[in-house]
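Encoded as structure tokens, the structure appears first; notes follow it.
2 protein chains.
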Amino acid sequence: MLDGSDDMEDPVAGTKAADGKDQAGGSRGRRADAQRNVSAILEAAQELLSTDPTASMQEVARAAGVGRVTLYSHFGSRTELLDAVFTRVMAEADRALADVDLTGDEPQALARLVRSSWRIVQQSRLLLFAAQLELPQGQIREHHDRALERVESLIRRGRRNRTFRTDLPTSWLVTVFYSVIHGAADEINAGRLTVERAPNLITATLLSAFAPPVPAT
Amino acid sequence: MLDGSDDMEDPVAGTKAADGKDQAGGSRGRRADAQRNVSAILEAAQELLSTDPTASMQEVARAAGVGRVTLYSHFGSRTELLDAVFTRVMAEADRALADVDLTGDEPQALARLVRSSWRIVQQSRLLLFAAQLELPQGQIREHHDRALERVESLIRRGRRNRTFRTDLPTSWLVTVFYSVIHGAADEINAGRLTVERAPNLITATLLSAFAPPVPAT
DNA sequence: CGTAAGCCGTACAGCAGTGTACGACTTATG
DNA sequence: CATAAGTCGTACACTGCTGTACGGCTTACG
Chain L
1 MLDGSDDMED
11 PVAGTKAADG
21 KDQAGGSRGR
31 RADAQRNVSA
41 ILEAAQELLS
51 TDPTASMQEV
61 ARAAGVGRVT
71 LYSHFGSRTE
81 LLDAVFTRVM
91 AEADRALADV
101 DLTGDEPQAL
111 ARLVRSSWRI
121 VQQSRLLLFA
131 AQLELPQGQI
141 REHHDRALER
151 VESLIRRGRR
161 NRTFRTDLPT
171 SWLVTVFYSV
181 IHGAADEINA
191 GRLTVERAPN
201 LITATLLSAF
211 APPVPAT
Chain S
1 MLDGSDDMED
11 PVAGTKAADG
21 KDQAGGSRGR
31 RADAQRNVSA
41 ILEAAQELLS
51 TDPTASMQEV
61 ARAAGVGRVT
71 LYSHFGSRTE
81 LLDAVFTRVM
91 AEADRALADV
101 DLTGDEPQAL
111 ARLVRSSWRI
121 VQQSRLLLFA
131 AQLELPQGQI
141 REHHDRALER
151 VESLIRRGRR
161 NRTFRTDLPT
171 SWLVTVFYSV
181 IHGAADEINA
191 GRLTVERAPN
201 LITATLLSAF
211 APPVPAT
């Protein structure tokens, strides 16, 4: 939103902050240490905000081993930083899920998907909380939807093959997937569920919930 | 909890704020208008915080038609107010759920329970968010657990009668109950689910998830 | 090896919220 | 109807956070 006008009035472009926020990629004009700092900030912010969602810019800067002013030179506002961190996490998640084999038997594919997903959700639980505090909900949902696409396509396939139920809408089943995983994450955080037992419980529950209802009774 | 020391150093007791916070009951020394104000504050705070979880004391006071100072004279801090509101909501919920007939066929009882529960959850979604911002998590859980007792006892009964599955722990099934309802509430808020369809989806999902797994592959 | 890009700390301005103090006014209640 | 309980607005002190400005120093990079 605020980069748009900057690009217009700065014909040289890329002087300060255009597109090279992420560590990788070809930001030619940026000095190496600047790029390193941006990475350090993003990483530190991700970890810190996942612990304390209300951490201030001051604290983020300290955690990244960087001055607060430098932090502001890279991210114009708290919201901007939060958005960048959120984007980064979702990209990470997307990369992790891309490796999951979703072919073959749907229940087993679902189990694999759960096994790869739930940890990410658990770790970025509080970060989502932080995002909800100051990011427009539309933006959050947008990021989320992209990650849930894989879930949705798997469910669709299961429905076509009659492995999964078709009496409830696909979008609802996606919601159930998401909700149960989040519920498990909360339980773990509360110390009422161990990390080891979680994936099996989640998978067993989802498979029952997704199975076609038996016509009996 | 935080009134404890006040009672000690004020032998007269009941002068300002001891136990008569709620509208009903026998707070002899309190003037009638004071009691009315406390009620108005609690009601307004509940409604306002359910819309904007970050509403300030100023805004709460205005919504209650009361001066900010008066608000502070009844609730010493924001946290104290929030706790009172939270307690009130849970008490309301408890009262509503007490009317639900939990006897007889477990699936039907579960359906009735869902039908009475989910609206309350949906309406106080954001209030829970507010509570998580400044109430110790232990306190929140304590309130929650009391409300979930009914769910738990119903599930236990279903397990004894082999209507519900016993291969997953009871506490986990309670979590699933809670999570699915919350998920539905979020979907409604996002405009992706209508109020009319919600209860059926929730019930159908939970019944499948709670049903004993069929030994047939 | 010079220069510009980038870093740093400090300092300042602004804002918003929390709690508290005070004095005057209003109203239940006996 | 007198009095104590309660309310009201205004004002103040304090805290913590955001975002910006400035000048000096370090360092990457050609």
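Protein sequences appear in the order of chains L and S.
Residues in the first sequence are numbered from 1 upward in steps of one, following UniProt numbering.
Residues in the second sequence are numbered from 1 upward in steps of one, following UniProt numbering.
Just so it is clear, CB atoms sit at the ideal spot from N, CA and C, and this is done for glycine as well.
Length-filtered (4 minimum) alpha helix (DSSP H) runs lying within the stretch 80-151 of chain S
106-123, 125-134
If we count the other Cβ atoms within 10 Å of its Cβ and call it buried at 16 or more, is Thr203 (chain S) buried or exposed?
Counting from 1 along the second sequence, the entry for residue 203 (chain S) is found at position 203. Label assigned to Thr203 (chain S): buried.
Closer than 7 Å by C-beta to Arg157 (chain S): which residues in its own chain qualify, once you throw out the five before and the five after it? Chain order, please.
On the second sequence, residue 157 (chain S) is found 157 positions in, with the first residue counted as 1. Answer for Arg157 (chain S): Glu106, listed in chain order.
Helix, strand or coil for Ser5 (chain L)? Go by DSSP, reduced to three states.
By one-based count along the first sequence, residue 5 (chain L) stands at place 5. Here Ser5 (chain L) scores only 32 on pLDDT, less than 50, and its place in the model should not be relied on; the value that follows carries that caveat. Note: Ser5 (chain L) maps to helix in three-state DSSP.
The alpha helix (DSSP H) spanning Phe47 (chain L) covers which residue range?
Counting from one through the first sequence, the residue named residue 47 (chain L) turns up at place 47. The question names Phe, but residue 47 (chain L) is Glu in the sequence shown. It spans 32-49 - the alpha helix (DSSP H) in which Glu47 (chain L) sits, taken as one unbroken run.
Within-8 Å CB hit, Trp172 (chain L) to chain S
Stepping through the first sequence from its first residue, residue 172 (chain L) is reached at position 172. So yes, Trp172 (chain L) belongs to the interface.
Quick check on Ala24 (chain S): does DSSP put it in helix, strand or coil?
Mapped onto the second sequence, residue 24 (chain S) falls at position 24. With a pLDDT of 41 at Ala24 (chain S), under the threshold of 50, the modelled position of this residue cannot be trusted; read the value that follows with caution. If DSSP states are grouped into helix, strand and coil, Ala24 (chain S) belongs with coil.
Within chain L, the residues that Leu201 (chain S) reaches when beta carbons sit closer than 7 Å:
Position 201 of the second sequence, counted from the first residue, corresponds to residue 201 (chain S). By Cβ distance, chain L contributes Leu168, Trp172.
What is the C-beta distance between Ser179 (chain L) and Val121 (chain S), in whole angstroms, given that I count them as a contact (C-beta under 8 Å)?
As a first step, residue 179 (chain L) must be located in the first sequence, where it is residue number 179. As a first step, residue 121 (chain S) must be located in the second sequence, where it is residue number 121. The pair is not a contact, with the Cβ atoms about 12 Å apart (cut-off 8 Å).
Helix, strand or coil for Ala211 (chain L) per DSSP?
Counted from its first residue, the first sequence places residue 211 (chain L) at position 211. Three-state result, Ala211 (chain L): coil.
Chain-ordered chain L contacts of Ser179 (chain S) [CB-CB under 7 Å]:
Numbered from 1 along the second sequence, position 179 holds the residue referred to as residue 179 (chain S). Under the 7 Å cutoff, chain L gives Ser179, Val180, His182, Gly183.
First and last residue of the alpha helix (DSSP H) that includes Val176 (chain S)?
Counting from one through the second sequence, the residue named residue 176 (chain S) turns up at place 176. Its alpha helix (DSSP H) spans residues 170-189.
Confirm, please, whether the CB-CB distance from Ala209 (chain L) to Val176 (chain L) is below 8 Å.
Walking along the first sequence from the start, residue 176 (chain L) turns up at place 176. Walking along the first sequence from the start, residue 209 (chain L) turns up at place 209. Yes, they are a contact pair.
Taking only beta-carbon positions, decide if Val195 (chain L) is within less than 8 Å of chain S.
Position 195 of the first sequence, counted from the start, is the residue given in the question as residue 195 (chain L). Taking Cβ atoms only, chain S never reaches closer than 8 Å to Val195 (chain L), which makes this a no.
Leaving out five residues on either side along the sequence, give the residues of the same chain with a beta carbon under 7 Å from the beta carbon of Gly65 (chain S).
Residue numbering aside, residue 65 (chain S) sits at position 65 when the second sequence is read from its first letter. Around Gly65 (chain S): Ala40.
Is there at least one Cβ from chain S nearer than 8 Å to residue 302 (chain L)'s Cβ?
Nothing can be reported for residue 302 (chain L), as the shown portion of chain L is limited to 1 through 217.
Please report the straight-line C-alpha distance between Gln35 (chain S) and Arg68 (chain S), rounded to a whole angstrom.
Within the second sequence, the letter at position 35 stands for residue 35 (chain S). Within the second sequence, the letter at position 68 stands for residue 68 (chain S). Computed Cα separation, rounded: 16 Å.
Name the chain S residues whose beta carbon is nearer than 7 Å to that of Thr87 (chain L)?
Here residue 87 (chain L) refers to the residue found at position 87 of the first sequence. Result: empty, since nearest Cβ-Cβ is about 20 Å, beyond 7 Å.
With distances taken Cα to Cα, identify the nearest neighbour of Glu187 (chain L) among L:Pro169, L:Trp172, L:Val38, L:Gln123.
The residue labelled residue 187 (chain L) in the question sits at position 187 within the first sequence. With distances taken between Cα atoms, Glu187 (chain L) lies closest to L:Gln123.
For Asp83 (chain S), tell me which candidate among S:Leu42, S:Glu47, S:Thr194 has the shortest Cα-Cα distance.
Counting from 1 along the second sequence, the entry for residue 83 (chain S) is found at position 83. When each option's Cα is compared against that of Asp83 (chain S), the closest is S:Leu42.
Assumed close pair residue 221 (chain S), Arg125 (chain S) - CB separation to whole angstroms, cut-off 8 Å
The shown model of chain S, from 1 to 217, leaves out residue 221 (chain S), and the question about it has no answer.
Considering only their Cβ atoms, is the gap separating Arg62 (chain L) from Glu134 (chain L) smaller than 8 Å?
The residue labelled residue 134 (chain L) in the question sits at position 134 within the first sequence. The residue labelled residue 62 (chain L) in the question sits at position 62 within the first sequence. In this structure, Arg62 (chain L) does not lie closer than 8 Å to Glu134 (chain L) by Cβ.
Cutting at 7 Å between CB atoms, please list the residues of its own chain near Ala198 (chain L), excluding the five before and the five after it.
Mapped onto the first sequence, residue 198 (chain L) falls at position 198. For Ala198 (chain L), where only same-chain residues beyond five positions count, the Cβ hits under 7 Å are Trp118, Ala184, Ile188.
Collapsed DSSP secondary structure at Asn161 (chain L) in the structure displayed:
Along the first sequence, one-based indexing puts residue 161 (chain L) at 161. Coil at Asn161 (chain L), not helix or strand.
Which of helix, strand or coil DSSP assigns to Val60 (chain S)
To locate residue 60 (chain S), count along the second sequence from 1; it is residue 60. Three-state DSSP puts Val60 (chain S) in a helix.
Give the residues of chain S in contact with Pro213 (chain L), contact being defined as C-beta atoms less than 8 Å apart.
Along the first sequence, one-based indexing puts residue 213 (chain L) at 213. Neighbours of Pro213 (chain L) on chain S, chain order: Ala204, Ser208.
Quick check: what's the CA-CA separation for Pro169 (chain L) versus Pro53 (chain L)?
Within the first sequence, residue 169 (chain L) is the residue found at index 169, counting from 1. Within the first sequence, residue 53 (chain L) is the residue found at index 53, counting from 1. When rounded, the distance between both Cα atoms is 34 Å.
For Ala44 (chain S), count neighbouring Cβ atoms within 10 angstroms of its own Cβ and tell me buried if that reaches 16, exposed if not.
For the purposes of this step, residue 44 (chain S) is taken as the residue at position 44 of the second sequence. Buried.
Helix, strand or coil at Thr166 (chain L) [DSSP, three-state]:
Looking up residue 166 (chain L) in the first sequence gives position 166. Note: Thr166 (chain L) maps to coil in three-state DSSP.
Taking the alpha carbon of Glu196 (chain L) as the point to measure from, which residue in L:Leu110, L:Ala109, L:Arg115 has its own alpha carbon closest?
Position 196 of the first sequence, counted from the first residue, corresponds to residue 196 (chain L). Among L:Leu110, L:Ala109, L:Arg115, the Cα nearest to that of Glu196 (chain L) belongs to L:Arg115.
How far does the alpha helix (DSSP H) with Thr70 (chain S) in it reach, from first residue to last?
Numbered from its first residue, the second sequence carries residue 70 (chain S) at position 70. Counting along the chain, the alpha helix (DSSP H) containing Thr70 (chain S) begins and ends at 68-74.
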